[in-house]
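Following: one structure in structure tokens, then a few remarks.
2 protein chains.
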Amino acid sequence: MRQLFYPRSLVITGVSSSPANLAKQIVDNLDSAGYAGQIYCVGRRAGTLNQRPIFESLSAIDATPDLAVLLTPAETIPAALEECGRKGVRSVVIETGGFTEFRAERVALEKEILEMATRWGITFMGPNCVGIINTDNGLVMPFYPVEAADMAKGGASFISQSGGLVHDFLKRCSYEKLRCGKLLSIGNKLMLDENDFLEFLITDPVTHSIGIYLESVTDGRRLMELGRLSQKPIVVLKGNRSHASRQIAQFHTAALAGDERVLEAALGQSGLHRVSTLSEMISLLKIFTLPLLKERNLLLITRSGGQAVLLADAAALRGFNLAPLPSTLANFVRQKVKAGVIRPTNPVDLGDVFDIRSYAEMVELSLKDQRIDGVLLFHYFPVEEKELTEALFRETADLSRAYQKPVVVCVLPGRREMLTFDPEPYFPVYEDADQALDALAVSLRHFENMQKRMRTRSLEHVTQKKQQRYSTNEIAPVSEIMPADETFALLKAAGLAAADYAIVSRVDEAQAAADRIGYPVALKIVSPVVLHKTEKAGVKLNLGDAASLEAAFGHMKADRYLVQRMVGGCETIIGAKRDPQFGPVVLFGMGGMLVELFDDVAVRVAPLDEATAAEMVDEIKGSVLLGGYRGSPALDKKAVVDALLCVSRLLFEDPSIINVDVNPLVVLERGKGAVLVDAKIERLVSPAD
Amino acid sequence: MRQLFYPRSLVITGVSSSPANLAKQIVDNLDSAGYAGQIYCVGRRAGTLNQRPIFESLSAIDATPDLAVLLTPAETIPAALEECGRKGVRSVVIETGGFTEFRAERVALEKEILEMATRWGITFMGPNCVGIINTDNGLVMPFYPVEAADMAKGGASFISQSGGLVHDFLKRCSYEKLRCGKLLSIGNKLMLDENDFLEFLITDPVTHSIGIYLESVTDGRRLMELGRLSQKPIVVLKGNRSHASRQIAQFHTAALAGDERVLEAALGQSGLHRVSTLSEMISLLKIFTLPLLKERNLLLITRSGGQAVLLADAAALRGFNLAPLPSTLANFVRQKVKAGVIRPTNPVDLGDVFDIRSYAEMVELSLKDQRIDGVLLFHYFPVEEKELTEALFRETADLSRAYQKPVVVCVLPGRREMLTFDPEPYFPVYEDADQALDALAVSLRHFENMQKRMRTRSLEHVTQKKQQRYSTNEIAPVSEIMPADETFALLKAAGLAAADYAIVSRVDEAQAAADRIGYPVALKIVSPVVLHKTEKAGVKLNLGDAASLEAAFGHMKADRYLVQRMVGGCETIIGAKRDPQFGPVVLFGMGGMLVELFDDVAVRVAPLDEATAAEMVDEIKGSVLLGGYRGSPALDKKAVVDALLCVSRLLFEDPSIINVDVNPLVVLERGKGAVLVDAKIERLVSPAD
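Protein chains in written order, with the numbering used here: chain A, 124 to 812; chain B, 124 to 812.
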């Protein structure tokens, strides 16, 4: 992997000296970025490019380059890989597009490439990518113009499923003065995927923070595992949200725990920070260049009363506290205020008559105070104060480092200042205080995540083998809904209590069972095909005596019936499914209409530990009903947590189970447990059955 | 009012030639902005400033200026006003601060100023403001430096309760290339408030769109009225949100319909567009420089595949449709694509190898298509294409005007391009596509508002007299909770049906009433002090016979009781209150826990018309329960609408009523109406009582 980022020499194919030649652009980029390694060019027509000979084939070169960048048409790639193999080139970047992203029937070509690479022991990235930009050594592979002026060596790295977004990321960094490290485009990720590169960047000494843009998640479990291992902040932008697969509505869980919600849960559980735009990503990577925010007490400083009001609102909205003004700072402000009509409060309103040379001292007085965890300075300046402002920002950057607290600088430039403003090469400045506060909130979250990780032992996790992209065993799985009696038995065995029931065939058996169980009872058809029982008259509730049971029996035609004790209490739902990216997922919600009307559910990737299960219960709004709502007795929350753990375990112990709906699980008073009243399970059936 | 914006001559007080003098800065600003009127300076020490004499007093000037700008200490202002009065100056801007915004006890001084102004027929703005910036005539009153380079004459005007934000607005406009019109700071709005200026700007021929920053709403009703009258888009930013007054929790409505929610409802009802940051405001004012979006079908064009995915997500998230690609455009794209691996879809992905000179033609092909209502072009460019990009943007601006459809241009500049990029003086460009799409959604909303306004007749409205800031009659009002029997009678008279009830004192009366009404009944204490009846054992429900009624009687000690028929059905809540800014407000929600757990309520400023009341019912998520949820019969939604109208009317007919909670109003099956089961009313009591 390191060879992809630090080759001592490389060869580029598809080169010609024509101005429109894409491979030529790569050579230009490498030259302008000052790549110091040896560059070889290969093209169909011999010639020269930037004083280098263009070889007609790889074999014509009298050395073995560390790396090959391929940019010849899709159908030539297998042969090119073979040539690399014979030559001894083991690291390849396939930039060529036109594979399955363009036409689905090109699967065969992708398979051929994979096989060829495997045969020769070649590691490759792509196809359909722009490769790597490494600011550390001037390695610039995109076939579009990359300006050296935009590349400032630093610690923010970026993994992108889109080559265009690598460009956009770099532009945005240069514009926002964020120094970047390794930027890479993973394309169709036929061999190396986001996780491979993420693993590399987590251990890369140059990289301090990582952004990832994904259109599809290759292996969600591994992504989570890497997230949990990384101390470096990782920010994820997921595209293709509007194309989320529509799940069959047959299972509550499947419908409620849609792709978006599972992704959200998975990222949250593994400490990855999710954003929804590229600007947000850059904003977070900017904040991560500063020391982390360690608690929520801020001091805000601004030159305008209106901004002070807006800042206070924005801080309160995000749950920050406005720290009390240190008396040293209050005195300082009092001395300096000119018109005498500004009160020393937090936010500090400097009015418009204040000496900019004293700002740094004010920031330092704030940082010295233990009750202040971070400072936000909202600044503007007339053109005349440009140099003073630049000096100020250099000082605040030093102070931030010295006190290990974030000092975030926002500036509202006019056109003229902006065109010349350059406080320091690549010192990040915010233009929008709201965005800065959003970023500070994530900085705090990252700090808290790191603290939490130090306290709790690492979660048990399922290590999956790296999936083969095109597996030979591609038989579509067949599934079935388990019969009710088996479902009840399985869940009981898994540790979930069920309301007393019996399976019967005849009315006299039903009455005998009801006598044993105790009236009132419910009568349900045992049938795998009737799914929404209440709506299809497959269920009769509250049968108070033998006569009404018999009458109900008369109206329902089936081979087997379930007679069940009626249980009153608070209805909840527990569900589970297997997500294609993240594997087993568990869901919790209140029963009845709450879950449907208000989407009030909690989702986590399994396995759950007790703390996570309890967190799920507390997360939903409806769970106040479990705590003893309006004077009613408190219910058995612990039993719900246990039930969640049972369902989580069930999915791990039995890989054939793909969907579980326990609906309802009736929660009784504290100490009395929770009993399931109805449940459905979908399981895979082996084709032999 | 016009004289404040277009004075032919003005005098500035508090001037000295000291470099730190604030009034001097105003003179400098006027000079650098090229204000052509006569400028007089008044200061304590005679001298000259910018070749003008400094007069020792207003009376020493041998002319009567149209306008005076006062900037002498607070306590000198009454005398200064008197001097203005004697001299014949009738328009005054009081910029001096240090009034009630600084010390509450300066009310007396503010009163004195008001009286003085009234005595001399003076119209003034302020105090504690920076006055006006009028780009139309170079009138620049702020006492901080305003750079002429930042002022581009245009149609976006701004009313601000903060002087600092006027500065920020101007800077932001210059930065974002938004041309602006009249910017003004209203300060403590002792005489002229936001509504006075809004009324002026609505009729100002130069102003095309209006931004308002408020920290307090002076007269919400008038603001709404003006909003309804204006064809010009008005964008409101409200500060001081975190200081929203906490309402007493005694009334459900008062607690649920908090300041934020009432403001939201009021602005929405009157077609004002609310934002929560200054950047958002500028973003909307930028979009309003383009033709309005008339339907939701967009064509998106970008140079990067990743951006295409993100744009499609962002558009879908906001409810836009991606219009089908016109065949003319598809053919055009096919011809121009170089590598042949880009599919013609919407978003149009131009890859990175495309000729920028053909973009304008692509935009025009899109605009020609009737199925496309707007185009978003997400562009980036290498430095070499700067001139071509500038030309492109000039063309798209022309096309947008010619086809009367918005063409929104987003650009992702690098540092170097940004420093020199200048497509056209003041052509607004977005840097963030998400922000552009948000703005387009508001553009569409504004268009729809205007259409709706053309269809429906203007709402009845309460014209209030302009409130006197310091009224002489400041006796604190006294209120009481009405006794239950009066409450029921009043609501019945207002048109709300109540569940059958009787007021009784003795148990035999109760039993007789229950016989008439029919069992089961509820027994409630008639008492104005027991508010939460269920929790305080002041109510017994479901009494099935005379014996249980008697037993219940035995447990409740009171003088008078209410015996009421038990009614089953769907519980809803109707509430009303008088908001200090917006007057009567009506609230609707479902009963029980839904309203509390999920904040699922609809709020509107009264009076309601039938359509608005129906909209309230449909707005809340819980109202699906009224429509026949899961096979249960549909309920009487019409009766709920009628009840809302009754409550709205009640508040208008009886100004002494300040709070109403109808909780619950039980909704019966369709055609059977809705009956109130319990209600509370708070009313003002005249001090004489």
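Note that beta-carbon positions come from the ideal geometry of N, C-alpha and C, so glycine has one too. Please read these numbers as outputs of a predicted model, since none were measured by experiment.
| Query | Result |
| --- | --- |
| Assumed close pair TYR621 (chain A), LEU614 (chain A) - CB separation to whole angstroms, cut-off 8 Å | It should be noted that the sequence gives Ala, not Tyr, for residue 621 (chain A). Between LEU614 (chain A) and ALA621 (chain A) the Cβ distance is about 7 Å, and since that is below 8 Å, they are a contact. |
| CB of ASN816 (chain A) within 9 Å of CB of GLY334 (chain A), strictly | With chain A covering only 124 through 812, there is no way to say anything about residue 816 (chain A). |
| Selection from A:ALA669, A:HIS502 and A:GLU673 that minimises the alpha carbon distance to ALA556 (chain A) | A:HIS502 |
| Contact with chain A by GLN458 (chain B), beta-carbon distance below 9 Å | no |
| Cβ-Cβ distance between SER132 (chain A) and LEU193 (chain A) below 9 Å | no |
| Host beta strand (DSSP E) of MET713 (chain B) (start-end) | 706-713 |
| Residue-level contact to chain A via CB, MET573 (chain B), 9 Å cutoff | no |
| Cβ-based contacts, 9 Å cut-off: residues of the region 426-446 of chain A near chain B | ARG426, SER427, GLY428, GLY429, GLN430, ALA431, VAL432, LEU433, ALA435, ASP436, ALA437, ALA438, ALA439 and LEU440 |
| Collapsed DSSP secondary structure at LYS147 (chain A) in the structure displayed | helix |
| Cβ pair count under 8 Å reaching 3, the region 144-155 of chain A against the region 165-173 of chain A | yes |
| Contact set between GLY667 (chain B) and chain A, taken where Cβ atoms lie within less than 9 Å | Those do not exist, as GLY667 (chain B) stays about 18 Å from chain A at its closest Cβ, beyond 9 Å. |
| Touch test, the region 335-345 of chain A against the region 698-705 of chain A, Cβ-Cβ under 8 Å, three pairs minimum | yes |
| Beta-carbon proximity check, ASN782 (chain B) vs ILE804 (chain B), cutoff 9 Å | yes |
| Test item: CB-CB of TYR526 (chain B) and LEU490 (chain B) under 9 Å | yes |
| C-beta neighbour in chain B for MET689 (chain A), strict 9 Å | no |
| C-beta atoms of THR821 (chain B) and PRO467 (chain B) nearer than 9 Å | Here chain B has residues from 124 to 812 only, and residue 821 (chain B) is not among them. |
| Beta-carbon proximity check, ALA446 (chain B) vs ARG494 (chain B), cutoff 9 Å | yes |
| Distance between beta carbons of ARG242 (chain B) and GLY211 (chain B), contact taken as under 8 Å | At roughly 14 Å, the Cβ-Cβ gap does not stay under 8 Å, so GLY211 (chain B) and ARG242 (chain B) are not in contact. |
| Residue interval of the beta strand (DSSP E) (run including ASP316 (chain A)) | No beta strand (DSSP E) contains ASP316 (chain A), which DSSP labels as neither H nor E. |
| Amino acids of chain B, ordered along the chain, whose beta-carbon sits closer than 7 Å to that of LEU828 (chain A) | No answer is possible for residue 828 (chain A): it lies beyond the span of chain A, which begins at 124 and ends at 812. |
| Within chain A, the residues that TYR752 (chain B) reaches when beta carbons sit closer than 8 Å | MET716 |
| Closer than 7 Å at the beta carbon, the chain A residues around LEU535 (chain B) | ASP291, LYS294 and ARG295 |
| Interface positions of the region 138-153 of chain B facing chain A (Cβ-Cβ less than 8 Å), listed along the chain | ALA143 and LEU145 |
| Any 3 or more C-beta pairs closer than 8 Å across the region 152-166 of chain B and the region 212-225 of chain B | no |
| Backbone secondary structure at SER602 (chain B) - three-state DSSP | strand |
| Beta-carbon gap between PRO449 (chain A) and VAL498 (chain A) smaller than 9 Å | no |
| Reduced DSSP secondary structure (H/G/I, E/B, other) of THR579 (chain A) | The predicted position of THR579 (chain A) is uncertain, since its pLDDT is 48 and thus under 50; a value taken from the coordinates is nonetheless stated next. Looking at THR579 (chain A) - three-state DSSP - the assignment turns out to be coil, as it is neither helix nor strand. |
| Coil, strand or helix - GLU224 (chain B) by DSSP | coil |
| Helix, strand or coil at MET239 (chain B) [DSSP, three-state] | helix |
| Pick from A:GLU518, A:PRO250 and A:ALA625 that is closest to PRO201 (chain A), judged by C-alpha positions | A:PRO250 |
| 8 Å Cβ cut-off: residues of chain A touching GLY362 (chain B) | GLY429, VAL432, LEU433 and ASP436 |
| MET274 (chain A) versus PRO265 (chain A) - alpha carbon distance | 13 Å |
| Residue span of the alpha helix (DSSP H) that contains CYS207 (chain B), given as start and end | 200-210 |
| 8 Å contact criterion, which ALA607 (chain A) and VAL565 (chain A) should meet: CB distance rounded | Not a contact, Cβ separation roughly 47 Å. |
| Closest residue to ALA635 (chain B) among B:LYS276, B:PRO188, B:MET605 and B:LEU672 (Cα-Cα distance) | B:LEU672 |
| Nonlocal neighbours in the same chain, by C-beta distance under 7 Å from ALA736 (chain B), ignoring five residues either side | VAL764, LEU767 and LEU768 |
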